[in-house]
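When we follow our numbering, the leftmost residue of the sequence shown carries the number 123, and every step to the right adds one.
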Amino acid sequence: MSELDVFFVVPRNVKDWPGGGFPDAIEPPATARWIMAYLKRHGCGQAIIDANLTNDTPEKIAKQVVAANPLFVMMPVLGYNPSASTMTMSSARVHAQAIKDLAPQLPIMVSGTHPAALPAETLVDEPIDFVCGGEGPITVHELIQALKAGGREQDISKVGSLWYRAGEGSNRHIVHTAPAPLLDLNEWPAIGGWEFMDPQQYQPHHWQMFYRPEDVPYANPFARLGCPFHCSFCNIQAPFREGEERERAQGRRKLGVNSFRSLDPALFVKEVEHLVKTYGVEHFKIPDEMFMLDTSYWTKIFRMIAERFGDQLNFWCYARVDTCDPRALEVFRKGGGRWLALGIEAAGGAIRDGQDKGFDDDLVRERVRRAREAGIALALNYIFGLPGDTPESMLETLKLACQLKGEYSNFYGTMALPGSALYEEAIREARHLLPNGWSGFAQYSWGFKPYYRGDALTPAEIVAFRDWAHRTFLEYPAYRDMLRRHPDFGEPALATIDTWIGEIKGLRRELLGHPKP
123 MSELDVFFVV PRNVKDWPGG GFPDAIEPPA TARWIMAYLK RHGCGQAIID
173 ANLTNDTPEK IAKQVVAANP LFVMMPVLGY NPSASTMTMS SARVHAQAIK
223 DLAPQLPIMV SGTHPAALPA ETLVDEPIDF VCGGEGPITV HELIQALKAG
273 GREQDISKVG SLWYRAGEGS NRHIVHTAPA PLLDLNEWPA IGGWEFMDPQ
323 QYQPHHWQMF YRPEDVPYAN PFARLGCPFH CSFCNIQAPF REGEERERAQ
373 GRRKLGVNSF RSLDPALFVK EVEHLVKTYG VEHFKIPDEM FMLDTSYWTK
423 IFRMIAERFG DQLNFWCYAR VDTCDPRALE VFRKGGGRWL ALGIEAAGGA
473 IRDGQDKGFD DDLVRERVRR AREAGIALAL NYIFGLPGDT PESMLETLKL
523 ACQLKGEYSN FYGTMALPGS ALYEEAIREA RHLLPNGWSG FAQYSWGFKP
573 YYRGDALTPA EIVAFRDWAH RTFLEYPAYR DMLRRHPDFG EPALATIDTW
623 IGEIKGLRRE LLGHPKP
């Protein structure tokens with residue numbers, strides 16, 4: 123029997139930028155690290171290959187995996203954020219097929235936001251054997267135990283949150299086991315897993331390095347999982363749904379209430395200390411969607427970080443406009459908090475209200491102003507084609523973006539991502555509006571197709587406006603002048619922006635009649 127219980131293969135992310143000349147982030151695979159830390163605690167043998175760190179082909183990676191002779195292969199389908207899991211499925215398929223071509227009998231499991239949202243479809247459509255319908259650590263560990271016990275049906279059926287095929291011929295059917303419980307974040311090692319993925323091999327996002335362009339290690343420790351809100355375009359709860367179902371059956375959770383868990387602040391800071399002292403990490407991303415939900419939590423963390431490191435580090439995190447307390451942002455800044463990513467989404471309250479974001483533009487402007495007064499740069503996010511959007515309202519959103527002049531701004535087309543309410547709507551009523559293939563969910567792909575139901579816009583018009591708006595913002599004189607005069611950014615940041623503009627101008631879109639690159 124193999125001494126290696128599980129071999130993790132992280133598929134290559136879909137490139138955001140088609141030309142290849144623009145520096146892109148390479149993030150440590152946070153979900154894989156979390157699972158590996160849990161498995162190490164239980165004495166499991168494991169290895170990992172991150173295809174984002176190597177130029178090796180899927181076939182070469184498959185040879186390494188098969189030669190190691192693991193019990194099974196674990197493939198976390200990640201991306202830079204939960205929504206990127208769907209577009210990464212194309213890469214996961216290629217890597218899984220390469221393994222199956224060499225070793226058809228070697229079991230493969232996939233996990234992630236997309237597989238958890240569409241477990242049966244993923245099991246049927248992809249060259250794999252198992253789908254993790256939950257968050258991962260418990261399911262992977264229990265599958266190791268089941269395979270070591272002989273891999274019989276009675277063993278595998280006891281694994282929590284597992285989807286697999288059973289039976290033969292006309293009796294072939296899909297089995298879905300009982301949900302695995304959601305983990306208490308404070309019960310897993312705060313610094314576990316980093317020994318499997320050296321932060322010195324990873325790199326931050328280009329805009330985060332506006333402050334410090336030198337190449338230094340990068341890490342993305344998380345502190346909180348889940349979100350209590352219900353935006354129609356969001357799918358981040360998908361891996362937690364089965365655990366929530368278990369808690370509802372036990373009378374521990376009400377219907378419609380999302381899970382939301384937090385790591386003890388002292389454990390998070392302990393992990394930061396480990397990363398700084400062991401690997402020399404200075405650039406940090408906190409990937410939690412709702413890190414700043416309540417002030418007492420995150421201020422405790424950043425006061426401890428400031429006590430230990432002062433202003434040495436470079437953090438960025440997400441925050442909601444209406445839950446981020448501007449009175450405490452100085453605490454974030456003193457602990458190295460240099461970037462805040464806010465979801466503005468759209469101008470005007472009417473469209474934004476439909477996304478469980480009931481705040482007006484005055485609050486947006488006030489939060490942006492207060493963050494800048496605290497010395498924090500802003501990464502602002504906008505979405506075109508939300509329900510109710512029109513050509514006029516999209517133009518108002520672009521005008522708001524030009525007024526706010528986020529030091530970095532993202533412009534998206536609305537996507538009906540698997541696991542979101544919009545996807546459920548599309549399957550019920552408008553499947554034809556979904557992209558043709560998972561890679562079409564990537565915002566900068568040739569096959570990108572926004573989801574929009576209504577008469578005011580077409581998907582092609584949204585794509586054309588999004589691409590034009592992006593270029594317009596980056597070329598906006600007031601924005602460029604702001605970067606030029608920024609005490610830490612200046613001409614180097616503008617040079618990066620100019621490279622970025624060149625990449626955007628090279629975009630090719632199927633909906634706009636462009637030939638496939």
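Using N, Cα and C, we set each Cβ at its ideal position, and we do this for glycine too.
One or two residues paired with residue i in a DSSP bridge
| i | result |
| --- | --- |
| Tyr440 | Ala463 |
| Pro198 | Ser233 |
| Phe382 | Gly348 |
| Ile549 | Bridge partners of Ile549: none, in fact. |
| Phe506 | Gly535 |
| Ala169 | Phe129 |
| Cys353 | Its beta-bridge partners do not exist; DSSP assigns none. |
| Gln359 | The partner list for Gln359 (beta bridge, DSSP) is empty, contrary to what the question assumes. |
| Lys407 | Trp438 |
| Cys254 | Leu284 |
| Leu596 | Beta-bridge pairing links Leu596 to no other residue. |
| Gln325 | Ile148 |
Beta-carbon proximity of residue i to residue j, cut-off 8 Å
| i | j | result |
| --- | --- | --- |
| Val187 | Val195 | yes |
| Gly471 | Ala360 | no |
| Ala288 | His298 | no |
| Gly576 | Pro557 | no |
| Ala496 | Arg460 | no |
| Ala184 | Ile221 | yes |
| Asn135 | Asn177 | no |
| Asp433 | Gly458 | yes |
| Gly365 | Pro326 | no |
| Asp172 | Met319 | yes |
| Val262 | Val232 | no |
| Ile423 | Val391 | yes |
| Ser207 | Gly234 | yes |
| Phe643 | Asp410 | An answer regarding residue 643 cannot be provided, because it is not within the stretch 123 to 639 covered by the chain. |
| Ala493 | Leu451 | yes |
| Cys439 | Ala469 | no |
| Arg606 | Leu596 | no |
| Leu633 | Lys571 | yes |
| Thr536 | Tyr573 | yes |
| Asn436 | Glu488 | no |
| Leu126 | Asn191 | yes |
| Pro133 | Ser205 | no |
| Arg346 | Ser384 | yes |
| Asp610 | Phe332 | yes |
| Met209 | Ser561 | yes |
| Ala441 | Phe413 | yes |
| Pro321 | Tyr401 | yes |
| Ser515 | Ile473 | yes |
| Asn357 | Ala239 | yes |
Cβ distance (whole Å) where residue i is taken to contact residue j below 8 Å
| i | j | result |
| --- | --- | --- |
| Tyr545 | Phe506 | Not really, about 18 Å apart at Cβ, beyond 8 Å. |
| Leu520 | Thr594 | 7 Å |
| Ala501 | Gly528 | 6 Å |
| Trp285 | Leu245 | 5 Å |
| His217 | Val281 | Not really, about 23 Å apart at Cβ, beyond 8 Å. |
| Phe362 | Gly348 | 6 Å |
| Pro513 | Ala578 | 7 Å |
| Val490 | Leu526 | 5 Å |
| Ile623 | Asp589 | Not confirmed; about 12 Å, so no contact. |
Nearest residue (CA-CA) to residue i, options the options
| i | options | result |
| --- | --- | --- |
| Trp316 | Ala302, Leu304, Pro303 and Ala341 | Ala341 |
| Leu522 | Glu264, Glu467 and Glu583 | Glu467 |
| His164 | Thr179, Asn203, Ala152 and Val128 | Val128 |
| Ala113 | Gly201, Ala225 and Arg383 | The structure shown does not extend to residue 113, since the chain is modelled only from 123 to 639, so the question has no answer here. |
| Tyr504 | Ile584, Asn380 and Cys349 | Ile584 |
| Trp329 | Asp620, Lys638, Ala239 and Ala225 | Asp620 |
| Ser279 | Glu264, Gly559, Glu290 and Gly291 | Glu264 |
| Leu508 | Ala538, Pro151 and Gln525 | Ala538 |
| Lys182 | Asp223, Pro151 and Leu161 | Asp223 |
| Arg215 | Asn293, Ile250 and Ala238 | Ile250 |
| Pro150 | Ser283, Ile408 and Lys399 | Ile408 |
| Phe355 | Pro639, Phe587, Ala543 and Tyr601 | Ala543 |
The ligand NAP heavy atom lying under 7 Å from the CB of residue i
| i | result |
| --- | --- |
| Gly291 | Among the components of this structure there are no ligands whatsoever, and the ligand NAP is therefore not found. |
Within-8 Å CB hit, residue i to chain B
| i | result |
| --- | --- |
| Lys521 | You won't find chain B in this structure, because it holds only one protein chain. |
query: Is it true that the region 261-280 meets the region 388-395, where meeting means three or more beta-carbon pairs spaced less than 8 Å apart?
result: no
- prompt: Given 8 Å as the limit, is there contact between the region 155-171 and the region 242-261, that is, 3 or more CB pairs closer than that?
  reply: yes
query: Can we say the region 370-378 touches the region 308-320, given the rule of at least three CB pairs closer than 8 Å?
result: no
- prompt: Three or more beta-carbon pairs under 8 Å between the region 438-456 and the region 421-428, yes or no?
  reply: yes
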